[in-house]
Every structure is written in C-alpha cells, then in structure tokens.
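Visitor: Questions regarding the structure given below will be posed in turn.
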Amino acid sequence: YEIRDISPPRGVRAAMEMQAEAERKKRAQVLESEGERQANINIADGKKNSVILASEAAKMDQVNRAQGEAEAILARAQATAKGIDMVSQALKEHGGAEAASLRIAEQYIQAFSKIAKEGTTLLLPSTASNPASMMAQALNIYKSLIGNNSGNGLHEISHTELTGKKIKRDALSGETRKESNTTAKAADADHQGEPVFSLQSPNKED
1 YEIRDISPPR GVRAAMEMQA EAERKKRAQV LESEGERQAN INIADGKKNS
51 VILASEAAKM DQVNRAQGEA EAILARAQAT AKGIDMVSQA LKEHGGAEAA
101 SLRIAEQYIQ AFSKIAKEGT TLLLPSTASN PASMMAQALN IYKSLIGNNS
151 GNGLHEISHT ELTGKKIKRD ALSGETRKES NTTAKAADAD HQGEPVFSLQ
201 SPNKED
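All residue numbers for the sequence shown refer to full-length UniProt numbering, where the first residue is 1 and numbers rise by one.
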C-alpha cells in the first residue's frame, strides 16, 4: 500500500502548526541570545584591551618623561659644574678678580633695573640714589666672600681663641674701671679744702 495524502482533522492540523511555530521561535530566541552574549563578550574584551593599552601607554609616557627630566637635570648639573670650573680658572688668572668685581657690580644694578621695569612694587636699598655707593656695596660683599674663602677653606676661630679674646677684653675693661676710679679719687683729693657751692642756706649758730 502506498500513502499519498493524509488529511488530519482541523484541530490536529492547528496543533501541529502551533508546535512548529513555537519551535521556530525557540530556535530564534536561542540564536539571538547567543549572539547578544558573544557581542557582550567582544565588547568587554575590547574595553579590557583598551584599558590595558591605555595604562601601558601612560606608563611609558611617565617613564619617558622621568628619563627626560633626569637627563635634563644631569645636563644642567654638568653645565653648572663646568661653568663654575671655568669661573674658578678665570679668577686665578691675572685680572680675574677685577673682572669678577665689575661683573657683580653690573648684575647688582641690572637686578634693580629689571624690578623697576617689570613690577609695580619697587624694592630699593637705602643708597638707591647713589649708584656709586651701590657698586661699592656689591664689591664689598664680593671682597668679603673672597677674603673669607681665601686658601683651602674658611678660617675657623677656635674656642681657645675666643676665650683668650674674652679674657683680654675683660682685663682691659677692669683696667679702664681702675683708671677711672683712680682719676675720680685724685680729683676729690685736689678739691678738698675748697669751698663748695650749695643751694642750701647755712645753719645759723645759736
């Protein structure tokens, strides 16, 4: 026997169609959820990689900046040391101290000129009306520094020297006081027997 056509009842046909429709919806929802899940995973991975790359870039930027600052500081220190060495060698030559004195005087005056041009608040020394006095003051500061730094180091005053100077000063003060007392006594002796001027009336004899 050969079955060519089946005609189920209307209710069975409707149930079969509903079941097939439900199965198709189920498969569509599963596929849609799987797609959303994979999309969220991809988005999260992208954000993760982006944050990692950004942090690594910031790290490299900080490292490069730190290295650049370190190299700049080292270069400035080397340049400063070289400049100090050159100035030291120049001061040792003939006429070096005079040239340094002139340079300091020029910078001293230029500093006050710059303040007067750039700011409204003006700070001036007490001798601002006398440029020669300002230059002399700057040169005196320089000469005092040169005098204090002459030789291999600063001159240190020992405790014994300070004590000796104090004893000498006290001895001189004592001698001065003794001389003053002796002079006063001699003056009193010279004036003994002389009439003394007084505003008090003399006592009347009874």
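Idealized CB from N, CA, C, for every residue including glycine.
All values reported here derive from a predicted model rather than from experimental measurement.
Is the Cβ-Cβ distance between residue 90 and residue 96 less than 8 Å?
Guide: Numbered from 1 along the sequence shown, position 90 holds the residue referred to as residue 90. Numbered from 1 along the sequence shown, position 96 holds the residue referred to as residue 96. Result yes, Cβ atoms of residue 90 and residue 96 sit closer than 8 Å.
Visitor: Could you check the C-alpha separation between residue 54 and residue 23 for me, to the nearest Å?
Guide: If you number the sequence shown from 1, residue 54 lands on position 54. If you number the sequence shown from 1, residue 23 lands on position 23. Their Cα atoms are separated by approximately 46 Å.
Visitor: Determine the direct distance from the alpha carbon of residue 100 to that of residue 92, and round the result to whole angstroms.
Guide: Taking the first residue of the sequence shown as 1, we reach residue 92 at position 92. Taking the first residue of the sequence shown as 1, we reach residue 100 at position 100. Looking at the two C-alpha atoms, the distance is approximately 11 Å.
Visitor: Quick check on the burial criterion: 16 or more other C-beta atoms within 10 angstroms. Buried or exposed for residue 57?
Guide: If you number the sequence shown from 1, residue 57 lands on position 57. Classification for residue 57: exposed.
Visitor: In terms of residues, what are the limits of the alpha helix (DSSP H) holding residue 83?
Guide: Counting from 1 along the sequence shown, the entry for residue 83 is found at position 83. Start and end: 10–92.
Visitor: Does residue 77 pass the burial test, meaning 16 or more other C-beta atoms within 10 Å, or should it be called exposed?
Guide: As a position in the sequence shown, residue 77 is number 77, starting the count at 1. Exposed.
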